[in-house]
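**Q**
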Amino acid sequence: MMDKFKTVLNIFQKQQTSLGFGLVALLTAGGEQIFSSVVFKCPCSGWNFSYGMVFLLVPALALLVLGYIMSNKTWKLFTGLCLRKSKFCNFKYVCASGVVFFQITTTAAVAPVSWIAVALLNGNYFECAMTGVNVTVFTNHLCDGKSPQCQDELYKFPCGRATHVPQSDSNDVLATIRAESQVLGWLLIASIMVFNLLLTCVARCNSPVSYLQLKFWRVYAQRESDLLESYTADHAEKLAERNLKSFFQQTPPEPVTTPPNRAWEKISSLYRFSTRDHYYSILHKYVEMCHNPAEARAHRMSSVRSDGPDTANPAVLAFVDEGKMML
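Start counting the sequence shown at 1; every next residue gets the next number (UniProt numbering).
#1: Would DSSP call Ala109 helix, strand or coil?
#2: Secondary structure at Lys285, three-state DSSP: helix, strand or coil?
#3: Helix, strand or coil: which one does DSSP assign to His141?
#4: Under a Cβ-count criterion, where at least 16 other Cβ atoms within 10 Å of its own Cβ denotes burial, should Met193 be classed as buried or exposed?
#5: Kindly give me the distance between the Cβ atoms of Thr107 and Gly67, rounded to whole angstroms, as I take these residues to be in contact under 8 Å.
#6: Report the residue from Cys201, Glu153, Ile104 and Glu241 whose alpha carbon sits nearest the alpha carbon of Val320.
#7: Report all residues from its chain with a CB closer than 7 Å to the CB of Phe55; omit the five preceding and five following residues, and keep chain order.
#8: Kindly list the residues whose CB is nearer than 8 Å to the CB of Thr79, restricted to its own chain and excluding five residues on each side of it in sequence; keep chain order.
#9: Does DSSP put Trp115 in a helix, in a strand, or in coil?
#10: How close, in whole Å, do the beta carbons of Gln149 and Val173 come, if the pair is a contact with beta carbons under 8 Å?
#11: Identify whether Trp47 lies in helix, strand or coil by the three-state DSSP scheme.
#12: For Gly30, which of Val100, Ile116, Leu61 and Arg223 has the nearest alpha-carbon?
#13: Is the CB-CB distance between Arg178 and Glu127 below 8 Å?
#14: Kindly give me the distance between the Cβ atoms of Arg262 and Asn313, rounded to whole angstroms, as I take these residues to be in contact under 8 Å.
#15: Around the Cβ of Cys74, are there at least 16 other Cβ atoms within 10 angstroms (buried) or fewer (exposed)?
#16: Which residues in the same chain have their Cβ closer than 7 Å to the Cβ of Gly308, if we skip the five residues on either side of it in sequence?
#17: Closest to Glu254 by CA distance: which of Trp264, Phe157, Leu239 and Pro260 is it?
#18: Between the C-alpha atoms of Met70 and His278, what's the straight-line distance to the nearest angstrom?
#19: Buried or exposed for Lys85, please, with buried defined as at least 16 other CB atoms from any protein chain shown within 10 angstroms of its CB.
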């Protein structure tokens, strides 16, 4: 069961490179529809506003947190951060980390925004919440031209329990609230699409590489991630088998070369693009510099001549550190 769960999560994680954000939005929309029809029941009491807003916003918050958890970049950014306290005083490092965190957030926000948009289009949560609003200006707006008891029994409308208000008035008020909810939903969808288009255009306009090289870079990053997971599992299995064999047979262990801690630390850091280099990932950079002393010396000399450390990746290269989910 756990393997199937991880398979589903891995498919979810790949949405940035293979299946697209549309799949995440579609899955979220389907979940919201099931949740709305099976679980949600407006209490038609003083709890209307709190109950409706909890169902509208709390699942979105949970999806946002899940998006952070599932991002490989999140753990590359925060793992060991408390031991690098000196870098907090480096303004460029803080700014670069902020840019990376913004990139993580834009990816993680796909599911929660989809939840809120679909919930607003559906209107159930918003309808329940707005009938519990105790603001005179808003209730006057809803009950304008309706029965005098409209404001007093507004919270009963979603359940059809109003006894002193005609059913037609109740239906009109609910239709108004639902219409407002759907308008907000479409405005949210349109705003997100326009924002995404503008962000993509700006990122592509500032791309440091050409279109075809960018496609190659994406393919390389995905293949490296796949092969890294395969090599890691294979090497761990060989090391475990060597140790168990040595333990049970009481023989000296066979030599198995494993990268030292320093090497793991270097390839676990976030990639920093630089126009001086031609590396496609932090692993690529490590391999080239570790086994090519001339390349390492040239890089150190160019770093000394430069104005400062490399900044964060251009937005168009945000995919480089994504990799696979580490659960």
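Glycine residues also receive a C-beta, built at the ideal position from the N, C-alpha and C atoms.
**A** So, from the data block:
#1: Residue 109 sits at position 109 when you count from the first residue of the sequence shown. Coil.
#2: Position 285 of the sequence shown, counting from 1, holds the residue named residue 285. Lys285 falls in the helix class under three-state DSSP.
#3: As a first step, residue 141 is located in the sequence shown; it is residue number 141 there, counting from the start. In the structure shown, His141 sits in a helix (DSSP, three-state: H, G or I).
#4: If you number the sequence shown from 1, residue 193 lands on position 193. Looking at its Cβ environment, which holds fewer than 16 other Cβ atoms inside 10 Å, Met193 is exposed.
#5: As a position in the sequence shown, residue 107 is number 107, starting the count at 1. As a position in the sequence shown, residue 67 is number 67, starting the count at 1. So it is a contact: roughly 7 Å between Cβ atoms.
#6: The residue given as residue 320 occupies position 320 in the sequence shown. With distances taken between Cα atoms, Val320 lies closest to Ile104.
#7: The residue you call residue 55 lines up with position 55 of the sequence shown. Cβ neighbours of Phe55 beyond the five flanking positions: Phe40 and Tyr125.
#8: Locating residue 79 in the sequence shown gives position 79, counting from the first residue. So the qualifying residues of the chain are Ser268.
#9: For this step, residue 115 is matched to residue 115 along the sequence shown. Helix, per DSSP.
#10: Position 149 of the sequence shown, counted from the start, is the residue given in the question as residue 149. Position 173 of the sequence shown, counted from the start, is the residue given in the question as residue 173. Not a contact, Cβ separation roughly 12 Å.
#11: For the purposes of this step, residue 47 is taken as residue 47 along the sequence shown, with counting starting at 1. DSSP places Trp47 in coil when its eight states are reduced to three.
#12: Indexing the sequence shown from 1 puts residue 30 at position 30. Taking only the C-alpha atoms, the option nearest Gly30 is Ile116.
#13: Position 178 of the sequence shown, counted from the first residue, corresponds to residue 178. Position 127 of the sequence shown, counted from the first residue, corresponds to residue 127. Their beta carbons are under 8 Å apart, which means Arg178 touches Glu127 by this criterion.
#14: The sequence position of residue 262 within the sequence shown is 262, counting from 1. The sequence position of residue 313 within the sequence shown is 313, counting from 1. Their Cβ separation, rounded to whole angstroms, is 23 Å, which puts Arg262 and Asn313 out of contact at 8 Å.
#15: Taking the first residue of the sequence shown as 1, we reach residue 74 at position 74. It should be noted that the sequence gives Thr, not Cys, for residue 74. With 16 or more other Cβ atoms within 10 Å, it is buried.
#16: Reading the sequence shown from its first residue, position 308 is the one you call residue 308. Its pLDDT being 37, under 50, Gly308 is placed unreliably by the model, and the measurement read from it follows with that caveat. Excluding residues within five positions, the ones whose Cβ falls inside 7 Å are Lys92.
#17: In the sequence shown, residue 254 corresponds to position 254, counting from 1. The shortest Cα separation from Glu254 among Trp264, Phe157, Leu239 and Pro260 belongs to Leu239.
#18: If you number the sequence shown from 1, residue 70 lands on position 70. If you number the sequence shown from 1, residue 278 lands on position 278. Cα to Cα, Met70 sits roughly 29 Å from His278.
#19: Here the question's residue 85 lines up with position 85 in the sequence shown. It counts as exposed.
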